[in-house]
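Start counting the sequence shown at 2; every next residue gets the next number (the UniProt record's numbering).
For each residue, glycine too, the CB sits at the ideal point set by N, CA and C.
Note that the structure is a prediction, hence the values are computed from the model and not measured.
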Amino acid sequence: SKKPVRVAVTGAAGQIGYALLFRIASGEMLGKDQPVILQLLEIPDEKAQNALKGVIMELEDCAFPLLVGIEAHSDPMTAFKDTDYALLVGARPRGPGMERADLLAANAQIFTVQGKALNAVASRNVKVLVVGNPANTNAYIAMKSAPDLPAKNFTAMLRLDHNRAASQIASKTGKAVAGIEKLAVWGNHSPTMYADYRFATIDGQSVKTLINDEAWNRDVFLPTVGKRGAAIIAARGLSSAASAANAAIDHMRDWALGTNGKWVTMGIPSDGSYGIPKDVMFGYPVTCEGGEYKIVQGLEIDAFSQECINKTLKELTDEQDGVKHLL
Ligand code: NDP
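Structure, rendered in structure tokens:
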């Protein structure tokens, strides 16, 4: 049987954590033959540590055959020790009256500490996924704080935007979501993201041709995908924790186990592709094989797409400029 791998999860007692841990432990992320050790991080606060104890009791009571160890931590330097996968979910939410700059600064502090800890103690091959918002900028900060780890090991979650776009396309065309290929989402995990179905097919047919409605793309599809998180909060009174956790599972599974040529979206440090400045943590269409992602190259960027990409890039470079002095 396989050697266990170490999976660290931060914000482990939060809403996303609650929807995420049981699926990691059951083998949905790394495969039904891969034993895992969970290294769970929560803030030292007594309430959070108690909540974490409760979650651990439930994990124990599932008697998952693949779950061979569970650890509770309040310090990233121990939580990230030898970790092979790190899902950084915990982040500082925007409080009442909090300015954007305060939010960026609070998170810069958290992700600087966590990046340094990963740099010091994690496996040299650690795969890092940042879910906590602002996810792209938090991932950028962690990457910049971990100079001894390869930059490509740091990623941000755009998969929820990708999955939301796929679901909207399936419902518009009246076809099953499983038939979709070649969907792309560019940019920041925020309402400025650009979901792009110009190359997509569903059951082998061109999505663009099937829909054939530029106004729907611009006035319905893009705003619906971009504002989906807010629509779920309005409907449920709570945020979209389950679908966020699901997207995190999809992202890590595809990165680790491969996509068989299928395009998925990941936020990754730019290598300069498509004119995005190097190191900007940007959503790209990628394929994964052998534990590595590769940007889908050679796609034509038309005027409308360039305008959308420029807008989401501007937002990201503004965020990253806003934290530069903190790094
Ligand atoms: P959640 O588990 O619901 O969310 C955690 C983070 O994920 C937030 O930053 C949230 O962003 C983000 N997120 C990304 N995509 C989504 C999505 N689609 N839907 C919802 N959230 C999304 O938050 P909780 O407050 O329930 O739990 C957070 C836990 O993290 C707490 O237990 C807390 O103790 C811990 N924490 C840890 C910190 C640390 O490690 N130093 C710092 C702060 C908290 P958004 O805010 O934009 O919704």
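Backbone CA spacing between residue i and residue j [nearest angstrom]
i	j	result
A243	P36	23 angstroms
I302	F200	11 angstroms
Q16	T318	29 angstroms
D322	T138	10 angstroms
P151	A304	34 angstroms
A80	G175	45 angstroms
T266	L67	28 angstroms
K48	N189	33 angstroms
V208	V178	12 angstroms
A107	G262	39 angstroms
S172	A64	38 angstroms
P97	V281	29 angstroms
D149	K82	15 angstroms
K295	P286	8 angstroms
S241	T210	31 angstroms
R216	D103	Note on identity: in this sequence residue 216 is Ala, with Arg being the wrong assignment. Distance between the alpha carbons of A216 and D103 is about 37 angstroms.
I170	A235	22 angstroms
N218	V127	38 angstroms
G205	S168	17 angstroms
residue 340	H252	For residue 340 there is no data in the structure shown, the boundaries of the chain being 2 and 328.
D214	D34	45 angstroms
P224	K145	32 angstroms
M99	R237	24 angstroms
L239	A231	10 angstroms
D220	I71	47 angstroms
Contact under 7 angstroms by Cβ, residue i with residue j
i	j	result
S75	P45	yes
W264	K183	yes
G133	V90	yes
L53	A73	yes
residue 329	A87	With the chain represented from 2 up to 328, any question about residue 329 goes unanswered, as that position is not in the structure.
G32	T156	no
P77	Q40	no
A14	E43	yes
residue 1	I250	This structure cannot settle anything about residue 1, because the visible part of the chain is limited to 2 through 328.
T288	M194	no
V324	A109	yes
E293	G259	no
I212	G180	no
I310	W187	yes
Nearest neighbour of residue i, chosen from the options [CA to CA]
i	options	result
N247	P5, G15, V8, L22	L22
S191	F283, I212, K325	F283
A196	V226, L327, P5, V178	V226
C154	A167, T84, G205, Q298	Position check: residue 154 holds Asn in this sequence, whereas Cys was assumed. The shortest Cα separation from N154 among A167, T84, G205, Q298 belongs to T84.
M58	G32, Y19, E29, A177	Y19
A121	T138, P135, A143	A143
residue 331	G259, R160, I277	Nothing can be reported for residue 331, as the shown portion of the chain is limited to 2 through 328.
R165	D149, A185, A102	A185
M158	G291, P270, N311	P270
L105	A118, P135, A80	P135
L327	A232, I111, S241, G238	I111
N11	L119, M99, V69	With the sequence shown as reference, residue 11 is identified as Thr, and Asn is not the correct amino acid for it. Minimum Cα distance to T11 is reached at L119.
G273	Q298, G259, G291	Q298
S124	E320, A9, N261, A107	A9
R254	I71, A107, L130	L130
G28	K3, T113, Q50	K3
T113	H163, Y141, S240, L300	Y141
V69	G205, F222, P5	P5
R229	K315, Y275, K279, H163	H163
L300	Y275, D214, E100	Y275
E316	L223, R101, P224	R101
Bridge partner(s) assigned by DSSP for residue i
i	result
R7	I38
C289	Y294
K128	Y86
G188	G284
F155	V129
I71	L39
I111	For I111, which the question treats as bridged, DSSP gives no partner whatsoever.
E61	Per DSSP, none; premise fails for E61.
E182	T202
Q | Every unbroken beta strand (DSSP E) inside the segment 195-280 [3 residues or more] | A | 195-197, 265-270
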